[in-house]
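Enquirer: Protein sequence lines correspond, in order, to chains Y and Z. Each residue of the first sequence is one higher than the one before, counting from 0 in numbering that gives the first Met the number 0. Each residue of the second sequence is one higher than the one before, counting from 0 in numbering that gives the first Met the number 0. Don't be surprised by glycine CBs; every beta carbon is placed ideally from N, CA and C. Here it is, the structure, as structure tokens.
Number of protein chains: 2
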Amino acid sequence: MATIKDVAKKAHVSVATVSRVINQKGYVNEETRKLVLQAIEELNYVPNELARSLFQKKSHIIAVVMPHLTSYYFSDLLEVIEDETINANYRLMICNSKDDPEKETKYLKIFDQYNVDGIILISNTNRIDDYLRLKIPMIEIDHNLSDDIPSITSNNFLGGKLAAEKLVNSGCKRILHFRGPSGLVTVQDRTSGFQSILKEKGIENYTYDLAFLSPDPDDIENKIFNHLDVDGIFCDSDVIAMLAIQSLKRANKRIPEDVQVVGFDNIQLASMLEPKITTIEQSTDAIGKTVVKTIMKLINGENLDYFHQTIDVKLIERATTK
Amino acid sequence: MATIKDVAKKAHVSVATVSRVINQKGYVNEETRKLVLQAIEELNYVPNELARSLFQKKSHIIAVVMPHLTSYYFSDLLEVIEDETINANYRLMICNSKDDPEKETKYLKIFDQYNVDGIILISNTNRIDDYLRLKIPMIEIDHNLSDDIPSITSNNFLGGKLAAEKLVNSGCKRILHFRGPSGLVTVQDRTSGFQSILKEKGIENYTYDLAFLSPDPDDIENKIFNHLDVDGIFCDSDVIAMLAIQSLKRANKRIPEDVQVVGFDNIQLASMLEPKITTIEQSTDAIGKTVVKTIMKLINGENLDYFHQTIDVKLIERATTK
DNA sequence: AGATGTTATGTAACAAGTTACATGTTTTTA
DNA sequence: TAAAAACATGTAACTTGTTACATAACATCT
Chain Y
0 MATIKDVAKK
10 AHVSVATVSR
20 VINQKGYVNE
30 ETRKLVLQAI
40 EELNYVPNEL
50 ARSLFQKKSH
60 IIAVVMPHLT
70 SYYFSDLLEV
80 IEDETINANY
90 RLMICNSKDD
100 PEKETKYLKI
110 FDQYNVDGII
120 LISNTNRIDD
130 YLRLKIPMIE
140 IDHNLSDDIP
150 SITSNNFLGG
160 KLAAEKLVNS
170 GCKRILHFRG
180 PSGLVTVQDR
190 TSGFQSILKE
200 KGIENYTYDL
210 AFLSPDPDDI
220 ENKIFNHLDV
230 DGIFCDSDVI
240 AMLAIQSLKR
250 ANKRIPEDVQ
260 VVGFDNIQLA
270 SMLEPKITTI
280 EQSTDAIGKT
290 VVKTIMKLIN
300 GENLDYFHQT
310 IDVKLIERAT
320 TK
Chain Z
0 MATIKDVAKK
10 AHVSVATVSR
20 VINQKGYVNE
30 ETRKLVLQAI
40 EELNYVPNEL
50 ARSLFQKKSH
60 IIAVVMPHLT
70 SYYFSDLLEV
80 IEDETINANY
90 RLMICNSKDD
100 PEKETKYLKI
110 FDQYNVDGII
120 LISNTNRIDD
130 YLRLKIPMIE
140 IDHNLSDDIP
150 SITSNNFLGG
160 KLAAEKLVNS
170 GCKRILHFRG
180 PSGLVTVQDR
190 TSGFQSILKE
200 KGIENYTYDL
210 AFLSPDPDDI
220 ENKIFNHLDV
230 DGIFCDSDVI
240 AMLAIQSLKR
250 ANKRIPEDVQ
260 VVGFDNIQLA
270 SMLEPKITTI
280 EQSTDAIGKT
290 VVKTIMKLIN
300 GENLDYFHQT
310 IDVKLIERAT
320 TK
């Protein structure tokens with residue numbers, strides 16, 4: 000591996016001059032610049048980022064802390080974040096906390112050790128103070144764990160509202176809500192938005208909590224058979240919706256004639272399998288882009304226009320609603 | 000941030016002694032060791048990994064190059080790889096090539112710049128020579144792009160064979176194979192294994208290529224309606240199987256009575272939705288673990304027992320076969 | 001007692017860059 | 001034409017750790 004010294008020697012200049020050429024900083028004669036660039040070319044030289052980072056106390060590394068890597072929504076999000084991060088000339092270190100305190104401790108140490116420039120926190124954590132202590136620019140997605148950390152979240156309240164409005168306007172009178180874990184703000188907001196409409200219209204409804212990662216099909220089926228009188232179901236994920244739909248079929252319910260269903264997320268399969276699911280789309284694209292843009296601002300010490308940002312969601316009408 | 004100098008000063012020793020304590024290398028008096036550890040504790044000191052890496056020309060970073068982040072199989076794989084990597088005390092840098100030559104160029108440069116210790120290549124690439132030029136320990140998953148790079152792959156030949164055997168033994172006479180892109184060795188191997196049995200038994204069959212990432216439902220439906228005489232379908236992914244099943248239903252075929260279906264991967268949904276899919280399970284767990292174990296061997300300069308390793312697959316019988 | 005080995009610690013070079021500062025040249029300005 | 005400003009380049013200090021080497025105290029062996 001060629002170093003800056005090799006380049007300097009080859010171009011008959013000092014390392015300072017080479018550095019100036021690389022970083023386009025300070026005065027360099029055009030002739031000299033060309034010589035240096037040629038030497039770089041010939042030696043296939045790439046500056047060592049570790050040395051650079053060491054001096055600048057900036058690693059150009061962004062860490063994303065995920066709760067897991069295997070859900071549709073988070074994978075989509077990660078895909079966007081990775082792309083935007085690279086476009087911004089940063090690299091992505093992936094941290095899968097998996098609710099494992101030991102792993103989280105390891106990662107908290109690593110953030111320090113590598114002078115990580117920014118942290119994107121997608122995972123939930125009860126060690127938010129440890130994160131804050133790091134004094135690293137940070138941003139949360141789908142959480143609101145601290146007033147000192149800016150956040151980006153889908154407008155879940157709106158999502159709940161849109162779902163409720165759709166069901167109510169299509170004539171539903173008794174509604175079931177299969178929601179995610181009630182400890183999550185996203186779930187709470189959805190519920191509030193959903194309830195706000197139902198209360199207003201005085202519509203009867205039931206709520207059940209489910210796991211997001213692997214909702215129990217039997218659990219869903221039991222609830223549905225216990226509520227065969229419902230004519231509308233709002234599910235906090237499309238996977239839950241798919242499971243609900245199949246239980247409804249087994250209960251000989253026609254969709255959407257007897258029961259209407261609204262999902263959440265708009266994953267790919269929601270529009271591939273029959274019946275195509277009416278759902279609330281979260282724009283992972285907008286979230287990802289906003290997240291990276293915002294963390295870059297934080298890293299560059301710029302001011303934020305909004306500390307807590309909200310990304311609008313959209314109702315996608317398909318075949319599970321009238 | 001405290002540095003090694005701060006620790007040295009606090010413990011009234013030299014930085015060399017502190018370094019010796021940290022790395023448990025060389026002679027250190029027990030008394031001194033305690034003093035140093037205490038200073039480290041009090042200052043909340045963590046050694047700067049960038050400085051360490053710079054000196055050692057080892058970053059403790061592993062790069063995974065993915066073709067995308069959004070498929071079930073790759074996400075599962077990534078989850079295992081991340082876990083194993085951290086356990087081995089390395090960090091994971093994520094690189095999503097997305098078939099974008101520009102991104103790949105960027106990443107190839109980054110691997111050099113960061114003294115990345117190892118590369119796990121999941122993505123396909125036509126720039127394998129550029130990778131080899133890096134002289135970084137490397138391993139491929141599901142590919143065989145170069146004889147100079149060790150590889151880990153599911154036993155796809157066996158997978159194809161198991162699927163064929165199951166269908167044939169359950170009485171299928173005319174079989175459809177919805178396979179992935181025929182350019183992939185994995186797909187080729189599956190096809191060979193599959194065909195080996197069908198040829199042997201003289202069973203009529205048709206093959207169609209589909210995209211893995213987002214197979215076209217209409218395409219699948221057309222093919223099925225053009226082959227209403229088939230009584231068995233082998234799909235190269237569970238998602239394809241799900242799509243095939245729904246088209247079969249629309250064609251008023253009973254599953255498994257009229258047509259039997261075998262999928263591939265064993266994704267979570269395969270056992271959640273009805274009919275539960277008979278499928279060939281790839282052990283992402285075994286693959287991920289083997290990959291990380293192998294790349295660690297390469298990094299440590301150890302010899303490999305097998306240059307090209309194969310992980311057995313398993314037939315999971317469910318409701319789509321007799 | 002002198003030689004040799006073990007233990008303990010410090011000094012300084014080194015990894016590969018960046019940049020403050022010094023120095024000298026050239027150009028512009030008054 | 002002298003002073004000031006702009007241009008060009010190099011030397012060396014600096015980022016934070018690791019380690020070769022030097023030094024010295026003490027133990028063990030002949």
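What residues of chain Z sit near Y/L49, judged by a beta carbon separation below 7 Å?
Expert: Within chain Z, the residues near Y/L49 are L49, S52, L53, S58, Y113 and N114.
Enquirer: Can you tell me whether Y/F306 is buried or exposed, with buried defined as 16 or more other CB within 10 angstroms of its CB?
Expert: Result: exposed.
Enquirer: Under the three-state reduction of DSSP, which class applies to Y/V238: helix, strand or coil?
Expert: Correct three-state label for Y/V238: helix.
Enquirer: Going by C-alpha to C-alpha distance, which of Y/N86, Y/P214 and Y/A318 sits closest to Y/L272?
Expert: Out of Y/N86, Y/P214 and Y/A318, Y/A318 has the C-alpha closest to the C-alpha of Y/L272.
Enquirer: Which residue from Y/L131, Y/R178, Y/F156 and Y/I286 puts its Cα closest to that of Y/L144?
Expert: Among Y/L131, Y/R178, Y/F156 and Y/I286, the Cα nearest to that of Y/L144 is on Y/L131.
Enquirer: So for Z/M295, helix, strand or coil by DSSP?
Expert: Z/M295: helix per DSSP, three-state reduction.
Enquirer: What in chain Y is Cβ-close to Z/V261, meaning under 8 Å?
Expert: Residues of chain Y passing the Cβ test: none, with the nearest at roughly 19 Å.
Enquirer: Report the neighbours of Z/S74 on chain Y: residues whose CB is nearer than 7 Å to its CB, in chain order.
Expert: Those within 7 Å of Z/S74 in chain Y are L68, T69 and S74.
Enquirer: With three or more beta-carbon pairs closer than 8 Å as the criterion, would you say the segment 211 to 228 of chain Y touches the segment 188 to 201 of chain Y?
Expert: No, the segment 211 to 228 of chain Y does not touch the segment 188 to 201 of chain Y.
Enquirer: On the criterion of 16 or more Cβ atoms from any shown chain inside 10 Å, does Z/Y106 qualify as buried, or is it exposed?
Expert: Answer is buried; the Cβ neighbour count reaches 16.
Enquirer: Could you pull the start and end residues of the alpha helix (DSSP H) that Y/G158 belongs to?
Expert: N155 to N168 is the span of the alpha helix (DSSP H), which, as asked, contains Y/G158.
Enquirer: Report yes if the CB atom of Z/D284 is closer than 8 Å to the CB atom of Z/I266, and no otherwise.
Expert: Contact: no.
Enquirer: By the 7 Å beta-carbon criterion, what residues does the segment 89 to 111 of chain Y contribute toward chain Z?
Expert: If the cut-off is 7 Å between Cβ atoms, the segment 89 to 111 of chain Y has R90, L91, M92, I93, N95, K102, K105, K108, I109 and D111 near chain Z.
Enquirer: Please identify the residue among Z/V186, Z/L212 and Z/C171 whose C-alpha is closest to the C-alpha of Z/G159.
Expert: The shortest Cα separation from Z/G159 among Z/V186, Z/L212 and Z/C171 belongs to Z/V186.
Enquirer: Can you list, in chain order, the residues of the segment 21 to 41 of chain Y whose Cβ is nearer than 8 Å to any Cβ on chain Z?
Expert: Answer set for the segment 21 to 41 of chain Y: empty.
Enquirer: Is it right to say Z/T104 is buried, meaning 16 or more other beta carbons lie within 10 angstroms of its own, or is it exposed?
Expert: Exposed.
Enquirer: Could you give the first and the last residue of the continuous alpha helix (DSSP H) run that contains Y/E280?
Expert: Run containing Y/E280: none in the alpha helix (DSSP H); it sits in the beta strand (DSSP E), T277 to E280.
Enquirer: Short of 7 Å Cβ to Cβ, which residues in the segment 192 to 224 of chain Y face chain Z?
Expert: Those residues of the segment 192 to 224 of chain Y that come within reach of chain Z (Cβ to Cβ, closer than 7 Å) are S213 and P216.
Enquirer: Mapping DSSP to helix, strand and coil, what is Z/R253?
Expert: Coil at Z/R253, not helix or strand.
Enquirer: How would you write the range of the alpha helix (DSSP H) that Z/D5 sits in, first residue to last?
Expert: Where Z/D5 is concerned, the enclosing alpha helix (DSSP H) stretches over I3 to A10.
Enquirer: When burial is assigned at 16 or more other CB atoms within 10 Å of the CB, is Z/K165 buried or exposed?
Expert: So Z/K165 ends up on the buried side.
Enquirer: If you follow the beta strand (DSSP E) that Y/A62 is in, where does it begin and where does it stop?
Expert: That run of the beta strand (DSSP E) goes I60 to M65.
Enquirer: CB-CB under 6 Å to Z/D141, same chain, minus the five flanking residues each way: which ones, in chain order?
Expert: Within the same chain, Z/D141 has close Cβ partners T152 and T185.
Enquirer: Quick one: what does DSSP say Z/N22 is sitting in, helix, strand or coil?
Expert: DSSP places Z/N22 in helix when its eight states are reduced to three.
Enquirer: Short of 7 Å in beta carbon distance, which residues of its chain neighbour Z/L157, apart from the five on each side in sequence? Order them along the chain.
Expert: So the qualifying residues of the chain are G192, D311 and V312.
Enquirer: Apart from the five residues on each side of it in sequence, which residues of its chain come closer than 7 Å, Cβ to Cβ, to Z/T289?
Expert: So the list reads I151, Q308 and I310, once near-sequence residues are dropped.
Enquirer: Which residues in the same chain as Y/K200 place their Cβ atom closer than 6 Å to its Cβ, once the five residues preceding and following it in sequence are excluded?
Expert: Excluding sequence neighbours, Y/K200 sits near V167.
Enquirer: Check each residue of the segment 263 to 290 of chain Y: if its Cβ is closer than 8 Å to any Cβ of chain Z, include it; give the result in chain order.
Expert: Within the segment 263 to 290 of chain Y, the qualifying residues are Q267, L268, M271, L272 and E273.
Enquirer: Rounded to whole angstroms, how far is the Cβ of Y/Y26 from the Cβ of Y/I60, which I believe are closer than 8 Å?
Expert: With a Cβ gap of about 31 Å, Y/Y26 and Y/I60 do not count as contacting.
Enquirer: Tell me, to the nearest whole angstrom, how far the beta carbon of Z/S195 is from that of Z/Q259; I am working on the premise that it is less than 8 Å.
Expert: Contact flag wrong, Cβ pair sits at about 19 Å.
Enquirer: Whose CA, out of Z/S270, Z/L268, Z/T124 and Z/F54, lies closest to the CA of Z/L183?
Expert: Of the candidates Z/S270, Z/L268, Z/T124 and Z/F54, the one whose C-alpha sits nearest the C-alpha of Z/L183 is Z/T124.
Enquirer: In terms of alpha-carbon separation, which member of Z/A1, Z/S58 and Z/E78 lies closest to Z/L42?
Expert: For the residues Z/A1, Z/S58 and Z/E78, the minimum Cα distance to Z/L42 belongs to Z/A1.
Enquirer: Which class does Y/L77 belong to by DSSP, given the choice of helix, strand or coil?
Expert: It is helical.
Enquirer: Using a Cβ-Cβ cut-off of 6 Å (strictly less than) and excluding sequence neighbours within five positions of Y/E203, which residues of its own chain qualify?
Expert: So the qualifying residues of the chain are R173.
Enquirer: At a Cβ threshold of 8 Å, is Y/D82 touching chain Z?
Expert: Output row for Y/D82: interface = yes.
Enquirer: With 16 other CB atoms within 10 Å as the buried threshold, where does Y/H11 fall?
Expert: Exposed, because fewer than 16 other Cβ atoms sit within 10 Å of the Cβ of Y/H11.
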